[in-house]
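Enquirer: A single structure is presented below for examination.
In my numbering, the protein residues as written are 294 to 610.
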């Protein structure tokens, strides 16, 4: 009955597409709005034109930051602002996200995203670095640490994805995208209201969800090709469902940062990461949701600063 109901909604929405359908935003328009003086575009494997910001001290140790699903490098701006005086901080937009846009292959798996991180490091000739990630980006980060342990000086997991879900429903946006008819409608209509609802769900303080934030998320999703790429990514599902079983083999120093009120990835996962990664440390924030790097930017950036100082101790004179 539930599936039939969704199908009926899908047919109804399809009938309204002539009214609700929203055109893509041209790449040049979105780039004019959301590039910064530090933005650059580099070409990596699969011909991807990757949007990157390389900020901070050029000769300092490197921190690379990977954003979550449907987000962009903008989620790290609060950390970059706090850390760039002492560290070199590289953030980027994954393919199918932000200003990077879709890839030629149309493959957006965890494996391809791990390769994106490695291509990025190779482009900047960074042989060893601390890698941080939030949500989906956190899953990419720990998978990268498994694939390239020699390159990861430290690991920062911020409400990271990775463990299988035995109970509960995925977020509405994922369920809509995966539905046979609704997903096709989703990929062609404007979703500003849904974006605002999702942001208010993952952030405890609704006041943090400003009109400017909602517009940015919306505009970047509407960047030509991103909606279709997002649909393909969400429908593909995990490409290595058993990879989490290797998490206990991670040897990199690890900092786990978590919002205890995260509605998408439970706090139990934070405890599991900390238990399974030997020597890792958990910093948890009560009444904070899925994006602590934005919700409690100053507190979390101070924890990251202390962690980086431990990973990269100053040499003795």
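Glycine included, every Cβ here is placed at the ideal spot set by N, Cα and C.
Expressed to the nearest angstrom, what Euclidean distance is found between the alpha-carbon atoms of residue 484 and residue 579?
Expert: Whole-angstrom Cα-Cα distance: 30 Å.
Enquirer: Could you compute how far the alpha carbon of residue 507 sits from the alpha carbon of residue 521?
Expert: Computed Cα separation, rounded: 20 Å.
Enquirer: Quickly, what does DSSP pair residue 347 with across the bridge? List them, please.
Expert: Paired residue(s): 383.
Enquirer: Does DSSP put residue 475 in a helix, in a strand, or in coil?
Expert: In this predicted model, residue 475 has a pLDDT of only 46, less than 50, meaning its place in the structure is not dependable; the value taken from the coordinates is given anyway. Residue 475 falls in the helix class under three-state DSSP.
Enquirer: Return the Cβ separation of residue 456 and residue 537 in integer angstroms, given the expectation that the two are a contact with Cβ distance under 8 Å.
Expert: With a Cβ gap of about 5 Å, residue 456 and residue 537 count as contacting.
Enquirer: Give a yes or no on contact between the region 421 to 428 and the region 441 to 452, applying the rule of three or more CB pairs nearer than 8 Å.
Expert: Flag = yes, the region 421 to 428 and the region 441 to 452 touch.
Enquirer: Let me confirm a value: residue 431 is counted as buried when at least 16 other C-beta atoms fall within 10 Å, else exposed. Which label applies?
Expert: It counts as buried.
Enquirer: How would you call residue 364, buried or exposed, if buried means at least 16 neighbouring beta carbons within 10 angstroms?
Expert: So residue 364 ends up on the buried side.
Enquirer: Output needed for residue 498: all residues of its chain with C-beta closer than 8 Å, excluding positions within five of it in sequence on either side, in chain order.
Expert: The answer, listed in chain order, is 588.
Enquirer: Using DSSP's beta-bridge definition, name the partner residues of residue 551.
Expert: According to DSSP, residue 551 bridges with 577.
Enquirer: Expressed to the nearest angstrom, what Euclidean distance is found between the alpha-carbon atoms of residue 388 and residue 445?
Expert: Cα to Cα, residue 388 sits roughly 22 Å from residue 445.
Enquirer: Is DSSP giving residue 427 helix, strand or coil here?
Expert: Strand at residue 427.
Enquirer: Roughly how many whole angstroms lie between the Cα atoms of residue 503 and residue 510?
Expert: Using only the alpha carbons, I get a separation of about 11 Å.
Enquirer: Looking only at its own chain, which residues have a Cβ that is under 6 Å from the Cβ of residue 375, when we skip the five neighbours before and after it?
Expert: Same-chain partners within the cutoff: 594.
Enquirer: Return the chain-ordered list of same chain residues with a C-beta closer than 6 Å to the C-beta of residue 597, the five sequence neighbours on each side being excluded.
Expert: Once the five neighbours on either side are set aside, residue 597 has no close Cβ partner at all.
Enquirer: Ends of the beta strand (DSSP E) at residue 413?
Expert: Here residue 413 belongs to no beta strand (DSSP E); instead the alpha helix (DSSP H) covers 403 to 416.
Enquirer: Quick one: grab the DSSP three-state call for residue 337.
Expert: In this structure, residue 337 counts as coil in the three-state DSSP scheme.
Enquirer: In chain order, what residues of the same chain lie with their CB nearer than 8 Å to the CB of residue 319, ignoring the 5 residues before and after it?
Expert: Correct list, in chain order: 517.
Enquirer: Alpha carbon to alpha carbon, how far is residue 555 from residue 500?
Expert: Rounded to the nearest angstrom, the two C-alpha atoms are 17 Å apart.
Enquirer: Does the separation of the CB atoms of residue 350 and residue 381 fall below 7 Å?
Expert: Cβ atoms of residue 350 and residue 381: closer than 7 Å.
Enquirer: Out of 523, 434, 514, 362, point me to the one whose CA is closest to residue 315's CA.
Expert: The candidate whose alpha carbon is nearest that of residue 315 is 514.
Enquirer: Can you give me the C-alpha to C-alpha distance between residue 599 and residue 379, rounded to a whole angstrom?
Expert: Taking the straight line joining both Cα atoms gives about 12 Å.
Enquirer: Apart from the five residues on each side of it in sequence, which residues of its chain come closer than 6 Å, Cβ to Cβ, to residue 546?
Expert: The answer, listed in chain order, is 447, 604.
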